[in-house]
Amino acid sequence: MPRTLTYKILKSHLIEGELAPGNEIAVSIDQTLTQDATGTMAYLQFEALGIDRVRTKTSVSYVDHNTLQCGYENADDHRYLQSVASKFGVYFSRPGNGICHQVHLERFGVPGMTLLGSDSHTPTGGGIGMLAIGAGGLDVAVAMGGGPFYLTAPQVVGVWLQGNLGPWVSAKDVILEVLRRLKVKGGVGRVIEYRGPGVETLGVPERATIANMGAELGATSSIFPSDERTRDFMKLEHRGTHFRPLAADPDAEYDEEIDIDLSKLEPLVAQPHSPDSVIEARKLSKVDLNQVAIGSCTNSSLRDLELVARVLKGRKVHPETSVALAPGSRQVLQNLVATGAFDSIVSAGVRILESACGPCIGMGFSPSSGTASLRTFNRNFEGRSGTPDADVYLCGAEVAVASALTGRITDPRTLGRPPRVSEPESLVVDDSMILAPSDKPSKVAVVRGPNIQPLPIRKAMGPGVKGEVLLKVGDNITTDHIMPAGAKILPLRSNIPAISQYVFSAVDPTFAQRAKEKKGGLVVGGENYGQGSSREHAALAPMYLGLKAVLAKSFARIHCANLINFGIVPMTFADPKDYAAIAQGDQLEIPSLRKVLTKGGSTVEVRNLTKKRTFTANLSLSARQREILVAGGLLNLTKQKSAGK
Ligand code: MIC
Ligand code: SF4
């Protein structure tokens, strides 16, 4: 039977389940990655599993999010991560070495392998033909321990690319076009597979940009074939022996097909406050910019930054606009220095930031109040920049650099002929910031500073659920709404009691206090609840506050899995009209929830005691997920099983 590339890789890694869209399957994981903001929890969970060494082919721990050290917290985390990596067999990419996805692509990714990462942009690895998936830290911890990863076998969307990108049009415009068509929940339950003659016109960094931002579609992953361009990239990285060609069978069938003629695209921009609010750059020429930021795991490859440097050569950035640039990796930075491109960037008046996530996650460089910021990033959710009333626009390197010169959003085609950026003939490759794990693990002591607090664990589920609707929210609520990030809150990622004070703080600052006073309760959400990041803190911290269940119209994949992993029951409205009939403050009761879960029931009666009405909620859960919920979470279940109960 002809297969898509996605299903070829799934088949070669299948451990359990029937490989057909919609079924729960388990696959083996070859590689894992973690980053610091989700990694401390993932390694605490790994330690709790009681396994002495990782069992993957390669596991890497990156430090790229929490690099501002305005106190002991982040530095404590880094020391813990370095020591725990060394002890348990994990490579450690030191702070300053770059953003996990960029470095992983350069130094570790292998076509055809599976990669599970505790970050939603892990699918960047799809740029070299990996099946790379983002997940919560606990799922990654289990995979590090050699356990399988459970997922719903996806549908596969085939995106047929043809033609060549025109001058000043880039890979970012391809993914913005896909977002314009499919929207932020159009990829849920699906893998986006790129194919067609247009693929070979894109190099690996460009493919990685497209695969990266498939996360904004809610997709399980995105993937490109592995071909001669992949071979060139791997050779440049001195890893030619890891190359293998891979493609879908020519007559493979797709669940949906989309055609994109690259030559018809033009420079695009996503407007505030959603990555799918896409419009042509030329239509935004009246937007004055307080700042331009170039970087993030989406657009900070050597290709992008060489382009930026060539445009800036001999020019100055606009005096009213602050322009910052963060190279995706130290390798990118070293090569910019080697080619002289770095000089053009610095001479133009660009502020140079550390090679890390930085402003993408609100770690510095927040815009000034009520102004507009143009960023080559992937997310522009309200408040994520650190400035609640800022307008953040997203674009590729071409639009960003043109706008940096003029101080307003500018279609780069107005600059005349674009500079030529060809693939380099060789690269500076220096792995000295990647530390191999110890070969004497018993001698390594794990260092736990005061910022590393123990993991809270939930008790097994009671017979039913009763509680108040603590909050009712609308559609497309992001994990940035549920558990905000930024320079102030991120350093508390290893301290759940402390971070839980900020749950929903930007939506309703009284949430945490009320949840505690009421000893927990429920949250009601609209469509695509929990879109965005993989941060399990968006489940773990609400669990700590006593959240028992979330009733929504639909859920985003990773957040739904995280809720289950921490014993919070995700339920959907059988009739979306019932959403309207609930108000914040209503008392809900589901008396026999545990019984229904145990018996495999797919629906449950919910009583609204305040409104004196009853309605039906759906439980779309596998047998495994029900077991996890009844046990009060995956760690409890794993412990029970290993104790033979
Ligand atoms: C993000 O881009 O939102 C993050 C920060 O990288 C998150 C992970 C986190 O919250 O630590 C993600 O994308 O998963
Ligand atoms: Fe870092 Fe931003 Fe990429 Fe998340 S999206 S990994 S914060 S650069």
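Residues in the sequence shown are numbered consecutively from 43, following the working numbering.
We put the CB at the ideal spot given by N, CA and C, even for glycine.
Residue i, DSSP secondary structure in three states
i: Asp522; result: helix
i: Glu299; result: strand
i: Glu387; result: According to the sequence displayed, residue 387 carries Ile and not Glu. Ile387: helix per DSSP, three-state reduction.
i: Ser575; result: coil
i: Lys561; result: coil
i: Asn660; result: strand
i: Glu669; result: helix
i: Val311; result: strand
i: Glu510; result: strand
i: Ala290; result: coil
i: Ala335; result: strand
i: Asn422; result: coil
i: Pro584; result: helix
i: Arg364; result: This sequence places Ser at residue 364; Arg is not what is there. Residue state, collapsed to three classes: strand.
i: Gln626; result: coil
i: Asn604; result: helix
i: Asn650; result: strand
i: Ser484; result: helix
i: Asp433; result: strand
i: Arg393; result: strand
CB of residue i within 9 Å of CB of residue j, strictly
i: Val199; j: Glu299; result: yes
i: Leu75; j: Leu157; result: yes
i: Ala581; j: Leu605; result: yes
i: Tyr114; j: Gly491; result: yes
i: Glu248; j: Ala213; result: yes
i: Ser664; j: Tyr49; result: no
i: Leu354; j: Arg450; result: no
i: Leu207; j: Met255; result: no
i: Pro584; j: Ile610; result: yes
i: Arg345; j: Val463; result: yes
i: Asn139; j: Ser305; result: no
i: Gly337; j: Gly438; result: no
i: Gly382; j: Ser343; result: no
i: Pro137; j: Asp78; result: yes
i: Tyr571; j: Ser542; result: no
Distance cut-off 8 Å: residue i Cβ against heavy atoms of the ligand MIC
i: Arg577; result: yes
i: Thr417; result: Reading the sequence as shown, one finds Arg at residue 417 and not Thr. For the ligand MIC, not one heavy atom lies less than 8 Å from the Cβ of Arg417.
i: Gly370; result: no
i: Arg421; result: yes
i: Thr262; result: no
i: Ala79; result: yes
i: Ser397; result: no
i: Ala527; result: yes
i: Ala185; result: no
i: Ala257; result: yes
i: Gly574; result: yes
Near the ligand SF4: residue i beta-carbon under 8 Å from a heavy atom
i: Arg535; result: no
i: Ile403; result: yes
i: Ile141; result: yes
i: Thr340; result: yes
i: Asp318; result: no
i: Ser162; result: yes
i: Asp522; result: no
i: His107; result: yes
Boundaries (first-last residue) of the beta strand (DSSP E) holding residue i
i: Gly176; result: Leu173 to Gly176
i: Arg357; result: Looking at the DSSP string, Arg357 is not in any beta strand (DSSP E), and its letter there is neither H nor E.
i: Ala414; result: Ala414 to Arg417
i: Pro612; result: Val611 to Phe615
i: Ser17; result: Here the chain has residues from 43 to 687 only, and residue 17 is not among them.
i: Gln495; result: Neither: Gln495 is in no beta strand (DSSP E) and is coded neither H nor E.
Extent of the continuous alpha helix (DSSP H) run through residue i
i: Glu219; result: Ala213 to Leu224
i: Gly179; result: Gly179 to Met186
i: Thr48; result: Leu47 to His55
i: Ser135; result: Not the alpha helix (DSSP H): Ser135 falls in the beta strand (DSSP E), residues Tyr133 to Ser135.
i: Phe130; result: Tyr114 to Phe130
i: Val102; result: It is not in any alpha helix (DSSP H) - Val102 instead sits in the beta strand (DSSP E) that spans Thr100 to Tyr104.
Any chain B beta carbon closer than 9 Å to residue i
i: Arg577; result: Although the question refers to chain B, the structure presented lacks it and comprises just one protein chain.
_Three-pair Cβ contact test at 8 Å for the stretch 232-241 versus the stretch 95-111_ = no
*Does the count of Cβ pairs from the stretch 525-545 and the stretch 416-433 closer than 8 Å reach three?*
Two segments are said to touch when three or more pairs of C-beta atoms, one from each, lie closer than 8 Å; by this definition the stretch 525-545 touches the stretch 416-433.
_Check whether the stretch 354-366 and the stretch 150-169 touch, using three or more Cβ-Cβ pairs below 8 Å as the test._
no
*Say whether the stretch 316-331 touches the stretch 262-278, bearing in mind that this needs 3 or more beta-carbon pairs closer than 8 Å, one atom from each stretch.*
no
*Pairing CB atoms from the stretch 473-484 with CB atoms from the stretch 635-652, are three or more of them under 8 Å?*
no
*For the stretch 180-195 against the stretch 84-98, are there 3 or more C-beta pairs whose distance is under 8 Å?*
yes
*Does the stretch 586-597 touch the stretch 607-621, meaning 3 or more C-beta pairs lie closer than 8 Å?*
yes
*asked:* If contact is defined by three or more beta carbon pairs under 8 Å, each pair taking one atom from either stretch, is the stretch 620-637 in contact with the stretch 559-578?
replied: yes
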